[in-house]
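Below is one structure, written out as structure tokens; the observations come after it.
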Amino acid sequence: MQSDPQVKCICKPGIMRDNCPSCEGTGQMIDFRAIRNRKTQEQIRESITTKFSPIITGYSPFFRNVLQVMLGNREQWVTEKYCGFYITSDGFFLGRTLNSFKDSFIGRVDDLTRNLNLIINEAKLDSEETAYLNSLPNIQDWRKI
Ligand SMILES: [Zn+2]
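Laid out in structure tokens, this is it:
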């Protein structure tokens, strides 16, 4: 699925390149087929949810809660305790409940990452799905600021 950015276009610099539909003036071939085949974020979430559903009960209610939030609450995998999660700048994972303004300390983000890798492998997610999940969607990450 990944397009190779190193493939040079056969057009010559100048007017030919400026009007080149294969590289759109960049000099590097653009893999339009791969771009067209790229799944939308919604399709990726749906696909991950479908792959997780048969195996999700093998994971803890807490982890199911995390995945449920990450995937936008499409499935009710657990009676949700936490409605939101975030990661502190020093790598700790915290959860927020609906009925409390106080955040709960959960653990180190490394544990989350380790569990994510387990389920990614078990569910055989493709590279797009893996990248989506590893971006920790719907989790506010203060390490990135
Ligand atoms: Zn070209």
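Using the numbering used here, the letters of the sequence shown map in sequence onto residues 967 to 1111. C-beta: ideal position from N, C-alpha, C; glycine also. Please read all numbers here as calculations on a predicted model, not as lab measurements.
CB-CB under 7 Å to N1031, same chain, minus the five flanking residues each way: which ones, in chain order? To locate residue 1031, count along the sequence shown from 1; it is residue 65. Sequence-distant partners of N1031 (beyond 5 residues in either direction) whose C-beta falls short of 7 Å from its own C-beta, in its chain, are V1044, E1046, K1047, Y1048.
DSSP on D1069, reduced to helix/strand/coil? Within the sequence shown, the letter at position 103 stands for residue 1069. Looking at D1069 - three-state DSSP - the assignment turns out to be strand.
E1088 classed as buried or exposed, judged by whether at least 16 other C-beta atoms fall within 10 angstroms: Walking along the sequence shown from the start, residue 1088 turns up at place 122. Exposed, by the Cβ-count rule.
Can you pull the DSSP bridge partners for F1059? Reading the sequence shown from its first residue, position 93 is the one you call residue 1059. Bridge partners of F1059: I1053, G1073.
Using three-state DSSP, classify I1105 as helix, strand or coil. Translated into positions along the sequence shown, residue 1105 becomes position 139. It is a strand residue.
Considering only their Cβ atoms, is the gap separating R983 from G991 smaller than 8 Å? Numbered from 1 along the sequence shown, position 25 holds the residue referred to as residue 991. Numbered from 1 along the sequence shown, position 17 holds the residue referred to as residue 983. One thing to note: G991 has its Cβ within 8 Å of the Cβ of R983.
Which of helix, strand or coil does DSSP assign to Q1034? The count along the sequence shown starts at 1 and reaches residue 1034 at position 68. If DSSP states are grouped into helix, strand and coil, Q1034 belongs with the helices.
Going by the C-beta, is G980 closer than 7 Å to any heavy atom of ligand 1? Residue 980 sits at position 14 when you count from the first residue of the sequence shown. Using a cutoff of 7 Å, the CB of G980 does not count as near ligand 1, since none of the ligand's heavy atoms is closer than that.
As a quick check of your reading: which residues have a C-beta less than 5 Å from at least one non-hydrogen atom of ligand 1, in chain order? Every residue with a CB closer than 5 Å to a heavy atom of ligand 1 is listed here in chain order: C975, C977, C986, S988, C989.
Let me make sure I understand the geometry here. Which of I1086, I1085, R1062, D1076 has the alpha-carbon closest to that of Q1106? For this step, residue 1106 is matched to residue 140 along the sequence shown. Closest by alpha carbon: R1062.
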